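Structure first, commentary second.
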Amino acid sequence: MDISVVIPLFNEEESLPELEAWIRKVMEANRFTYEIIMVDDGSKDRSWEVIEGLTKKNPNVKGIKFRRNYGKSAALHVGFEAVKGDVVITMDADLQDSPDEIPALRKMIVEDGYDLVSGWKQKRYDPISKTIPSKFFNGVTRWISKIPLHDFNCGLKAYRHNVVKSIEIYGEMHRYTPLLAKWSGFGKITEKVVEHRARKYGTSKFGLDRFINGFLDLLSITFIGKFGKRPMHFFGLLGMLFFVAGFATLAWLSFEKLFKQEYGIADRPLFYFGILMLIVGTQLFVTGFLAELLVRNSTTRNQYVIEKKVNG
Ligand code: UDP
Ligand code: MG
447 MDISVVIPLF
457 NEEESLPELE
467 AWIRKVMEAN
477 RFTYEIIMVD
487 DGSKDRSWEV
497 IEGLTKKNPN
507 VKGIKFRRNY
517 GKSAALHVGF
527 EAVKGDVVIT
537 MDADLQDSPD
547 EIPALRKMIV
557 EDGYDLVSGW
567 KQKRYDPISK
577 TIPSKFFNGV
587 TRWISKIPLH
597 DFNCGLKAYR
607 HNVVKSIEIY
617 GEMHRYTPLL
627 AKWSGFGKIT
637 EKVVEHRARK
647 YGTSKFGLDR
657 FINGFLDLLS
667 ITFIGKFGKR
677 PMHFFGLLGM
687 LFFVAGFATL
697 AWLSFEKLFK
707 QEYGIADRPL
717 FYFGILMLIV
727 GTQLFVTGFL
737 AELLVRNSTT
747 RNQYVIEKKV
757 NG
């Protein structure tokens with residue numbers, strides 16, 4: 447199969463028929479074999495009935511429905527588990543992304559050899575309350591991840607089949623699939639300017655809290671990517687620095703007290719600094735050990751992406 451289109455959706459009943467018709471038109475014009483996987487993230491409107499109707503009309507449409515709203519990442523995750531196509535396209539259900547982009551995105555994966563191509567809504571049709579924080583958010587993400595994308599959060603992305611089978615999206619990590627891909631060893635990542643359209647029906651499902659959550663997720667994902675399999679190297683180093691600083695400070699104070707007959711070291715600010723450093727340092731150490739215990743028991747501790755094998 448050439449292409450799998452994964453569409454996470456939450457209360458998008460009006461958009462779905464138009465979206466399906468448009469994708470079908472593009473696929474047929476290019477003679478692609480394809481599937482459209484619509485993941486209903488616990489919609490409260492008639493989205494699921496609409497999907498059922500579409501599957502009867504077009505056997506390439508597949509539907510998955512959550513019992514409740516788990517979020518876009520969860521929807522993408524189960525979609526990715528189901529995909530069969532060589533190239534996997536994700537797009538939003540609200541008609542803000544154009545299916546006309548699909549052939550060019552596919553070409554970049556199949557012919558130019560990219561692992562992931564992210565859409566870039568260079569000209570956006572969103573309120574300014576969204577576009578300005580978004581610029582900042584993308585800047586920080588670019589800086590931390592060293593992946594030169596302008597628009598991490600774009601719903602329209604294309605992946606090589608192996609990429610979606612090797613990464614695991616959870617929480618709200620759908621914004622960071624390029625980071626997950628990079629850490630799984632799929633480093634050929636680029637972007638393509640895509641057409642963005644104003645939302646035709648319904649309303650946005652995300653509020654401003656997306657930026658706070660997004661930033662916290664960025665911190666976690668960076669930490670996990672770097673130290674997820676060896677947390678002690680992070681906590682241990684910090685713990686050691688703090689502990690040594692505290693110990694040296696207190697040793698110095700004790701020395702003064704013993705040999706210089708200085709009284710009342712408990713009045714000196716350094717005394718409290720020394721004690722605080724000792725305690726914090728010890729806590730960081732213990733945290734590191736606990737984290738190591740967790741990693742030791744995690745099922746992913748030896749999960750690696752194998753690219754090729756020879757003779758076996
Ligand atoms: N979505 C989802 N689950 C949610 C929230 C959103 O599946 O809990 C879907 C939504 O239906 C849409 C896509 O994720 O297909 C992007 O959402 P939206 O268009 O509201 O985001 P925005 O365009 O405002 O960034
Ligand atoms: Mg949208």
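Residue numbers (the numbering used here): 447 to 758. Built from N, CA and C at the ideal position, the CB exists for glycine as well. All values derive from a computational prediction rather than experimental measurement.
Straight-line CA distance for residue i to residue j?
{"i": "I449", "j": "W494", "result": "23 Å"}
{"i": "E702", "j": "A712", "result": "12 Å"}
{"i": "F731", "j": "M678", "result": "8 Å"}
{"i": "F689", "j": "G585", "result": "35 Å"}
{"i": "I483", "j": "I497", "result": "10 Å"}
{"i": "L687", "j": "W589", "result": "26 Å"}
{"i": "G633", "j": "G517", "result": "27 Å"}
{"i": "W566", "j": "G720", "result": "51 Å"}
{"i": "K511", "j": "V485", "result": "6 Å"}
{"i": "L562", "j": "A627", "result": "8 Å"}
{"i": "L704", "j": "L722", "result": "22 Å"}
{"i": "P579", "j": "V640", "result": "20 Å"}
{"i": "K553", "j": "N748", "result": "34 Å"}
{"i": "R606", "j": "D532", "result": "6 Å"}
{"i": "G525", "j": "P454", "result": "8 Å"}
{"i": "R492", "j": "A475", "result": "30 Å"}
{"i": "E708", "j": "F693", "result": "19 Å"}
{"i": "G601", "j": "F735", "result": "39 Å"}
{"i": "T695", "j": "V741", "result": "34 Å"}
{"i": "I725", "j": "A691", "result": "11 Å"}
Locate the beta strand (DSSP E) running through residue i, then write down its first and last residues.
{"i": "M484", "result": "480-486"}
Measuring alpha carbon to alpha carbon, tell me which of the options ends up nearest residue i.
{"i": "D540", "options": "N457, Y605, F598, K755", "result": "N457"}
{"i": "R513", "options": "K490, L724, I497, E527", "result": "K490"}
{"i": "M447", "options": "K651, N506, G617", "result": "N506"}
{"i": "F673", "options": "V529, A737, Y571", "result": "A737"}
{"i": "V452", "options": "D543, S700, A475, E460", "result": "D543"}
{"i": "K530", "options": "D538, K508, N515, D546", "result": "K508"}
{"i": "S700", "options": "F717, L684, K675", "result": "F717"}
{"i": "A521", "options": "P545, E614, T501", "result": "E614"}
{"i": "L625", "options": "S461, T668, L462, I535", "result": "T668"}
{"i": "A644", "options": "K581, K576, G682, D572", "result": "D572"}
{"i": "K581", "options": "G499, K675, K603, D597", "result": "D597"}
{"i": "E527", "options": "L595, S612, Y560", "result": "S612"}
{"i": "Q729", "options": "T746, G685, K754", "result": "G685"}
Kindly indicate the opening and closing residues of the alpha helix (DSSP H) around residue i.
{"i": "A604", "result": "Element bounds for A604: not the alpha helix (DSSP H) but the beta strand (DSSP E), 603-606."}
{"i": "K502", "result": "493-503"}
{"i": "L663", "result": "For the sequence presented, residue 663 should be read as Asp rather than Leu. Start and end: 655-673."}
{"i": "I593", "result": "Unbroken run through I593: none, as it is neither H nor E."}
{"i": "R741", "result": "The amino acid occupying residue 741 in the given sequence is Val; Arg does not appear at that position. Here the alpha helix (DSSP H) through V741 covers 715-743."}
{"i": "T623", "result": "623-629"}
{"i": "R513", "result": "Element bounds for R513: n/a, residue is neither H nor E."}
{"i": "H679", "result": "678-705"}
{"i": "G525", "result": "518-528"}
{"i": "N476", "result": "462-476"}
{"i": "I555", "result": "548-556"}
DSSP puts residue i in a beta bridge; with which residues?
{"i": "I535", "result": "V451, A604"}
{"i": "L562", "result": "Y605, I635"}
{"i": "K508", "result": "I483"}
{"i": "D543", "result": "H642"}
Problem - Three CB pairs or more closer than 8 Å across the region 618-626 and the region 659-671 - result: yes
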